[in-house]
Amino acid sequence: MQYACDHVHLRSRDALRAAAFYVETFGAREVKRVGSDPVQRVVLDLGGLTVFIEQAPAETTPAGPTPCLGIEHIGLRVADIEAAMADLTGRGVKVRTGITERGPGLRIAFVEGPDGALIEILERSSA
């Protein structure tokens, strides 16, 4: 049996605002909207990864604080982490942890997206 990644599914109190964050901040492309008034789901292409952002009902509880069990974060690879973090902080994106070395050829940082979503920014080199 072979498996392939199909999508990541996020829930948001404001799906349109959350989708706009990923489009404006990370260059995601909006593929489609499902439903209207209010939108039920926004579908994005984030660097080849399909992301569903669903409008969550008011009674939906927020995610627990990280670190946590289950899906904890989305990782986005960049060629230059220092330039990426300068860009993100310049846009007012909340930084959870600055750039750290995690081993040979791996540097990471974490930022916060809509609804507290944790997003890892990482740079891999051949070092």
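Numbering of the sequence shown is given in this note's numbering, commencing with residue 970 and proceeding in unit increments. Backbone N, C-alpha and C define an ideal beta-carbon position, used for all residues, glycine too.
Taking the continuous alpha helix (DSSP H) assigned at residue i, which residues delimit it?
i, result
"Val1008", "First-last for Val1008: undefined, no H or E at that position."
How many angstroms separate the CA atom of residue i from the CA atom of residue j?
i, j, result
"Ser1094", "Ala1027", "43 Å"
"Asp983", "Gly1072", "37 Å"
"Pro1036", "Gly1004", "34 Å"
"Leu1015", "Gly1033", "24 Å"
"Thr1066", "Thr994", "18 Å"
For a test of the three-state rule: what should DSSP assign to residue i, helix, strand or coil?
i, result
"Ile1077", "strand"
"Asp1014", "strand"
"Ile1050", "helix"
"Arg986", "helix"
"Thr994", "helix"
Assuming the contact rule is C-beta atoms closer than 8 Å, residue i and residue j should be a hit. Round their C-beta distance to whole Å, please.
i, j, result
"Ala987", "Asp1056", "Their Cβ separation, rounded to whole angstroms, is 19 Å, which puts Ala987 and Asp1056 out of contact at 8 Å."
If you follow the beta strand (DSSP E) that residue i is part of, which residue opens it and which one closes it?
i, result
"Glu1092", "1087-1093"
"Arg1060", "No beta strand (DSSP E) holds Arg1060; DSSP gives it neither H nor E."
"His978", "977-981"
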